[in-house]
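Student: Supplied in structure tokens, the structure appears directly below.
Numbering (the working numbering), first residue to last: 468 to 678.
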């Protein structure tokens, strides 16, 4: 009988200890959830060529801070750094093609006693950009290149199929506005690859054979 009583006392003591611990844990969780905002939920990206739509579920009593760039650690200056309010999506346009980007967003509290959230992070890779038109024509030793007029460009890199050093042709404002450039002094019956650039950004590629 004494043994049974001791067992009951031990069980009661354990139950009381567990109840006290549960209360403390509950209070701690409550403090965490009320002292810091939640991250924007369902932070997603939808890639549309070289454009990307970022979206998230709104957080009550918060604005947002969004950063987008090519640095996975966000240590370099962000290409996009913007404060947002009253929205649940952001549309990025005219990004570099075939490029990995990283985006992060946090909830920013409008109440001084509430801390900002941690960051929610996503990454995405844009699709290939090619602004060349298919209407490009060629002759024995020349090629007339056509692309979407008005797109920002700096130069064309020209590479023949046979191993050699690529040639670079700088584009003028007139070339860019017209959306075309005639390339002369080529070798007949030869495949050439032409690549459009804006600085280091690749904007289009096409291979054409002279006649």
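A virtual CB, placed ideally from N, CA and C, is assigned to each residue, including glycine.
Could you check where the beta strand (DSSP E) with residue 529 kicks off and where it finishes?
Tutor: 529 to 536
Student: Could you pull out every residue in the same chain whose Cβ sits closer than 6 Å to the Cβ of residue 564, ignoring the five residues on either side in sequence?
Tutor: Hits under 6 Å: 517, 593, 595, 596.
Student: Indicate the three-state DSSP secondary structure (helix, strand or coil) for residue 508 in the structure shown.
Tutor: strand
Student: Pick from 511, 639, 559, 659: whose alpha carbon is nearest that of residue 678?
Tutor: 659
Student: Where residue 600 and residue 555 are concerned, what is the direct C-alpha to C-alpha distance, given to the nearest angstrom?
Tutor: 36 Å
Student: Are residue 553 and residue 544 touching if we call contact CB-CB under 9 Å?
Tutor: no
Student: Assuming residue 608 contacts residue 651 (C-beta within less than 8 Å), just tell me the rounded distance between them.
Tutor: 7 Å
Student: Tell me the DSSP bridge mates of residue 626?
Tutor: 660
Student: With a CB to CB cut of under 6 Å and the five nearest residues on each side skipped, what residues in its chain are close to residue 624?
Tutor: 633, 635, 662
Student: Do you know offhand how far residue 641's Cα is from residue 667's?
Tutor: 21 Å
Student: Could you tell me the boundaries of the beta strand (DSSP E) in which residue 671 lies?
Tutor: Its beta strand (DSSP E) spans residues 668 to 676.
Student: Under a Cβ-count criterion, where at least 16 other Cβ atoms within 10 Å of its own Cβ denotes burial, should residue 584 be classed as buried or exposed?
Tutor: Buried: at least 16 other Cβ atoms inside 10 Å.
Student: Determine the direct distance from the alpha carbon of residue 505 to that of residue 512, and round the result to whole angstroms.
Tutor: 19 Å
Student: What residue from 566, 532, 605, 673 has the CA that sits closest to residue 575's CA?
Tutor: 532
Student: Given residue 549, which residues of its chain have a CB within under 7 Å of its CB, disregarding the five upstream and five downstream residues?
Tutor: 533
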